[in-house]
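Undergrad: Residue numbers are given in UniProt numbering: position 78 of the sequence shown equals residue 78, and the series is strictly consecutive.
For every residue, glycine included, the Cβ atom is placed at its ideal position computed from N, Cα and C.
Just so you know, these numbers come straight off a predicted model, no measurement behind them.
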Amino acid sequence: MQNQQKTKIEWLSILQGWSMLLVVIGHVVLTDNMFDDKYPMSSYLYQVIYSFHMALFIFISGWLLYYTSIAKNKSFKTVIKSKVKRLLIPFYVFTIFTILIKLLLAQYVKRPVDVNEIIETFILYSSNPLKELWFIVVLFIMMLGYPLYVYMIKTVYREIFMLVLGVLLFLFSPNNIHVFFFHKFIYLYFFFILGIITAHHRIIEKINLSVIGGFSLCLFIAFNVLNTADVGWLGLINRLTGILFSTCLCLFLSRRLPSLFSSFRDYTFQIYLVGMFPQMALRVWFLNSDLDNMYGVLFFTSIAIGIYIPVFISRILKKYPTVLNPCLGL
């Protein structure tokens, strides 16, 4: 039993590291256009990553909510109090910090801060000066449904109902409701519910890697070679394929390379918060210099600094705690 528990944690840690690596690569945009014809390889890489990486991230979040809270019978008050500290404090700190940076460096930013941006950020929650922070708002709103998830797992019928509801939201809900990033919420909610149910029934531990792993790999390759449409049922299946492939891959790797991604996999949230800043600084340098012949080197440099500058800062703060620790969710 002890070895089983250890393996389970290892595959999850590797999956967290893998998902964060995908997010960081997805934030490497050195030019004005993410899908720049001058760099077809990176454009194709973005296309593959963006087809499923946020669904994977939210699936892991649902799985972790079950594992760390629901399975331990934590109260709603305890869970939300911890999520306010973990999610909302960093959200507001980094939002305000980004506003100040944009005001100081207005000549370098693509989206200057104005009154409308402030209203959309702090009242409507339909935008943010650091646009990637939408994920925190959506995740916190999902956490507010904690009593519903506790109720849901009591019977299989309730779980099926919630999964069907999630599918319907993904397929049919309007995508133009931006208040509280509702348009993001509706297409991710299914994957959050799926993560909870997967953890509750210990489905991942029952996966037959030789069969399911091979099947998921073939599907993943097929979707990304055929460039299948990323909407409707095909979009849903594409994301599920990415989640299944990633999970099987990390299960396989956990048995052979259990320490994979150990240099950063414990700091995924800090990487998400901080990593974008050095990456944006590198992008500004690239755009204002004649560095086209160094695109490949700078692409990998952006990945490295997006991961390891936040890790370095986090390790220093953990070793010498300050008032900044809660700002980074530490």
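If I'm right that Cys248 touches Ser289 with Cβ under 8 Å, what's the distance once you round it to whole angstroms?
TA: As a position in the sequence shown, residue 248 is number 248, starting the count at 1. As a position in the sequence shown, residue 289 is number 289, starting the count at 1. Not quite, the Cβ-Cβ distance comes to about 42 Å (not below 8 Å), so this is no contact.
Undergrad: According to DSSP, simplified to helix, strand and coil, what is Gln4?
TA: As a working mapping, residue 4 is identified with position 4 in the sequence shown. Residue confidence for Gln4 is low, a pLDDT of 38 falling below 50, so the modelled location carries little weight and cannot support an answer.
Undergrad: If distances are taken between C-alpha atoms only, which option among Ile212, Arg315, Leu130 and Lys184 comes closest to Phe277?
TA: Here residue 277 is taken as the residue at index 277 of the sequence shown, counted from 1. Taking only the C-alpha atoms, the option nearest Phe277 is Leu130.
Undergrad: Classify Asn175 as helix, strand or coil using the three-state DSSP reduction.
TA: Within the sequence shown, residue 175 is the residue found at index 175, counting from 1. Of the three classes helix, strand and coil, the one that applies to Asn175 here is coil, per DSSP.
Undergrad: Would you mind listing the alpha helix (DSSP H) stretches within the segment 218 to 281 that are 4+ residues and don't spill past its ends, in chain order?
TA: 232 to 254 and 268 to 274
Undergrad: Is Leu188 near Phe140, with beta carbons less than 8 Å apart?
TA: Reading the sequence shown from its first residue, position 188 is the one you call residue 188. Reading the sequence shown from its first residue, position 140 is the one you call residue 140. No. Outside cutoff.
Undergrad: Tell me which residues share the same chain as Leu291 and place their Cβ nearer than 8 Å to its Cβ, disregarding the 5 neighbours each side in the sequence.
TA: In the sequence shown, residue 291 corresponds to position 291, counting from 1. Counting only residues of its own chain and dropping the five nearest sequence neighbours on each side, Leu291 has a CB closer than 8 Å to the CB of Trp285 and Leu298.
Undergrad: Can you round the beta-carbon distance between Met20 and Thr268 to whole angstroms, since I take them to be within the 8 Å contact cut?
TA: Residue 20 sits at position 20 when you count from the first residue of the sequence shown. Residue 268 sits at position 268 when you count from the first residue of the sequence shown. Confirmed, Cβ separation roughly 4 Å.
Undergrad: For Ile243, which option in Tyr44, Val48 and Val24 has the closest C-alpha, if you only look at C-alpha atoms?
TA: Residue numbering aside, residue 243 sits at position 243 when the sequence shown is read from its first letter. Ranking the options by Cα distance to Ile243, first place goes to Val48.
Undergrad: Taking Cβ positions, are Gln270 and Pro310 nearer each other than 8 Å?
TA: One-based indexing of the sequence shown puts residue 270 at position 270. One-based indexing of the sequence shown puts residue 310 at position 310. Yes.
Undergrad: Going by beta-carbon coordinates alone, are Ile207 and Leu163 separated by less than 8 Å?
TA: Counting from 1 along the sequence shown, the entry for residue 207 is found at position 207. Counting from 1 along the sequence shown, the entry for residue 163 is found at position 163. Contact flag unset, no.
Undergrad: Mapping DSSP to helix, strand and coil, what is Tyr320?
TA: Position 320 of the sequence shown holds residue 320. Correct three-state label for Tyr320: coil.
Undergrad: Is the beta carbon of Phe170 less than 8 Å from the beta carbon of Val137?
TA: Working through the sequence shown from its first residue, we reach residue 170 at position 170. Working through the sequence shown from its first residue, we reach residue 137 at position 137. For Phe170 and Val137, no; Cβs fall outside 8 Å.
Undergrad: Helix, strand or coil for Leu330, going by three-state DSSP, please let me know.
TA: For the purposes of this step, residue 330 is taken as residue 330 along the sequence shown, with counting starting at 1. The answer is coil: DSSP assigns Leu330 none of H, G, I, E or B.
Undergrad: Assign Asp292 to one of three DSSP states: helix, strand, or coil.
TA: Position 292 of the sequence shown, counting from 1, holds the residue named residue 292. DSSP, read as helix, strand or coil, puts Asp292 in helix.
Undergrad: Give the C-beta separation of Gly17 and Phe192 to the nearest angstrom, bearing in mind that I take them to be a contact with Cβ-Cβ under 8 Å.
TA: In the sequence shown, residue 17 corresponds to position 17, counting from 1. In the sequence shown, residue 192 corresponds to position 192, counting from 1. Distance from Gly17 to Phe192 at the Cβ level is roughly 20 Å; contact not present, criterion being Cβ atoms closer than 8 Å.
Undergrad: Where do the N-terminal and C-terminal ends of the alpha helix (DSSP H) with Lys74 fall, by residue?
TA: Here residue 74 corresponds to residue number 74 of the sequence shown, with the count starting at 1. Careful: Lys74 lies outside any alpha helix (DSSP H) and carries neither H nor E.
Undergrad: Which of helix, strand or coil does DSSP assign to Met162?
TA: Taking the sequence shown and counting its residues from 1, the one referred to as residue 162 is at position 162. The answer is helix: DSSP assigns Met162 an H, G or I state.
Undergrad: Classify Thr68 as buried or exposed, calling it buried when 16 or more other Cβ atoms lie within 10 Å of its own Cβ.
TA: Here residue 68 corresponds to residue number 68 of the sequence shown, with the count starting at 1. The residue in question, Thr68, is exposed, as its Cβ has fewer than 16 Cβ neighbours within 10 Å.
Undergrad: Identify whether Gly213 lies in helix, strand or coil by the three-state DSSP scheme.
TA: Taking the sequence shown and counting its residues from 1, one reaches residue 213 at position 213. Here Gly213 sits in helix by DSSP.
Undergrad: If you reduce the DSSP assignment to three classes, tell me which class Met34 lands in.
TA: Here residue 34 corresponds to residue number 34 of the sequence shown, with the count starting at 1. Met34: coil per DSSP, three-state reduction.
Undergrad: Could you tell me the distance, in whole angstroms, from the CA atom of Lys38 to the CA atom of Gly145?
TA: As a working note, residue 38 is residue 38 in the sequence shown. As a working note, residue 145 is residue 145 in the sequence shown. About 45 Å.
Undergrad: Could you check where the alpha helix (DSSP H) with Glu117 kicks off and where it finishes?
TA: Position 117 of the sequence shown, counting from 1, holds the residue named residue 117. From DSSP, the alpha helix (DSSP H) with Glu117 extends over Val115 to Phe122.
Undergrad: So is Lys83 buried or exposed if we call it buried at 16+ other beta carbons inside 10 Å?
TA: Start at 1 with the first residue of the sequence shown, and residue 83 comes out as number 83. Lys83 should be labelled buried.
Undergrad: Just how far apart, CA to CA, sit Gln5 and Leu100?
TA: Within the sequence shown, the letter at position 5 stands for residue 5. Within the sequence shown, the letter at position 100 stands for residue 100. Any reading at Gln5 must be qualified, since the residue scores a pLDDT of 42, below 50, and its modelled position is unreliable; the value itself is stated next. C-alpha separation (whole angstroms): 45 Å.
Undergrad: Secondary structure at Tyr67, three-state DSSP: helix, strand or coil?
TA: Reading the sequence shown from its first residue, position 67 is the one you call residue 67. Tyr67: helix per DSSP, three-state reduction.
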